[in-house]
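Right, one structure below, let's go through it.
In this note's numbering, the protein residues as written are 26 to 361.
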């Protein structure tokens, strides 16, 4: 009576209960019939339990259950697809337990519950995420292309400019547009659409700026930014800061073809704790060229580039320091 009450209770809550011996179903409770649309006795008349398992899961489940019967596996829970009487698929989460009887007889107790709705919801969620990833990738691609068009228009306009001061302003605008365009290019090309590999980005931006200023091989770059990934909301202001400070070094630190080195490093530091919010980034751009003028306050300068650097640092909720002791070094620290 206790045995029957347990089986009845499992049916009442919708749990399937099978007893398997020599691959055949020798008992199936009412829930098995209800979920599969079978009539009483249909399941126990089948030549094999595996006939109701979808073909692509049969080999896997047979292998796992054989391992379980031979005490070679501790894995007892599986997700499988089974066939209803009308051929439709139902997803079950099952737990299998071997039962050793007298002599050499062994039975398998299999308890399962219908997870079809959950699996369908998971598939719909995966499809939705995939669709959003495709859309986001397309957005990055279009933004990159639009920025490239703006860059090209500025380049065309600069060829018609005779005034050197205006030409410099246009060239600066070009490099700023390029700095933003490279961010979207990296996001479009990468598998991760939300973070930018800063090391690769710095190398590409630096190469572009070296070509733009036609430095040849006189100015060397030393970059250290291994395994630093920045989310897009920090990568764009950080990219613009890098653009301004590298450009500043190229324009002012090495006059008359002087040789020198520009060093760029980015590192993450643990302030306190283990949460992402407890980390900060430090961005250092330095050079061994002409020292930044001692009588010039970079926070109050009329230079648009340095005004941008200060404004973007504030946007990052960071701090900026200038060290003139050995060449020029800007150190910017901002929270993760």
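Even glycine gets a Cβ: it sits at the ideal position worked out from N, Cα and C. This one's a predicted model, so the numbers in the text were calculated from it and none came from an experiment.
Helix or strand or just coil, what does DSSP make of residue i?
i           : result
residue 266 : helix
residue 347 : strand
residue 355 : strand
residue 276 : helix
residue 53  : strand
residue 360 : strand
residue 310 : strand
residue 294 : strand
residue 40  : strand
residue 162 : helix
residue 285 : strand
residue 341 : coil
residue 192 : helix
residue 305 : strand
residue 243 : coil
residue 328 : coil
residue 254 : strand
Just tell me which of the options has its CA closest to the CA of residue i.
i           : options            : result
residue 205 : 356, 167, 262, 113 : 262
residue 59  : 184, 256, 109      : 109
residue 126 : 329, 239, 349, 45  : 45
residue 124 : 101, 153, 94, 115  : 94
residue 312 : 217, 290, 190, 53  : 290
residue 338 : 254, 350, 324      : 324
residue 351 : 361, 307, 288, 341 : 288
residue 56  : 48, 68, 49         : 68
residue 271 : 231, 65, 119       : 231
residue 304 : 228, 359, 229      : 359
residue 218 : 196, 254, 235, 228 : 254
residue 120 : 146, 198, 318, 40  : 40
Could you pull out every residue in the same chain whose Cβ sits closer than 8 Å to the Cβ of residue i, ignoring the five residues on either side in sequence?
i           : result
residue 326 : 332
residue 71  : 49, 50, 77
residue 366 : Outside the displayed range of the chain (26 to 361) lies residue 366, so it cannot be described from this structure.
residue 344 : 338, 357, 358, 359
Who are the near neighbours of residue i in its chain, counting only those whose CB is closer than 6 Å to its CB and skipping five residues on each side?
i           : result
residue 26  : Any reading at residue 26 needs caution, since the residue's pLDDT is 47, under 50, leaving its predicted position unreliable; the model's value is listed next. Closer than 6 Å at Cβ, skipping near neighbours: no residue.
residue 260 : 208, 221
residue 292 : 307
residue 238 : 275
Quick one: what's got a C-beta closer than 7 Å to residue i's C-beta in the same chain, skipping five residues either side?
i           : result
residue 375 : The chain is shown only over 26 to 361; residue 375 falls outside these bounds and no answer can be derived.
residue 233 : 203
residue 132 : 44, 45, 46, 124, 126
residue 79  : 106, 107, 108, 114
residue 346 : 356
residue 228 : 248
Inside the region 200 to 238 only - beta strand (DSSP E) runs reaching at least 3 residues
Listed in chain order, they are 220 to 222.
Three-pair Cβ contact test at 8 Å for the region 133 to 143 versus the region 162 to 170
Judged by Cβ distances under 8 Å, the region 133 to 143 makes no contact with the region 162 to 170, as fewer than three pairs qualify.
Can you confirm whether the region 276 to 285 touches the region 241 to 250 when touching is taken to mean that 3 or more C-beta pairs between the two stretches lie within less than 8 Å?
Contact check between the region 241 to 250 and the region 276 to 285: three or more CB pairs, one atom from each, fall below 8 Å, which counts as touching.
What are the complete beta strand (DSSP E) segments, minimum 3 residues, inside the region 58 to 145?
You should have 102 to 108, 114 to 125, 131 to 139.
Quick check: the region 206 to 217 against the region 170 to 179, are at least 3 beta-carbon pairs closer than 8 Å?
Under the Cβ criterion (8 Å, minimum of three pairs), the region 170 to 179 counts as touching the region 206 to 217.
Say whether the region 314 to 323 touches the region 263 to 279, bearing in mind that this needs 3 or more beta-carbon pairs closer than 8 Å, one atom from each stretch.
These segments touch.
Three Cβ pairs or more, each shorter than 8 Å: is that satisfied between the region 142 to 162 and the region 210 to 230?
Yes, the region 142 to 162 touches the region 210 to 230.
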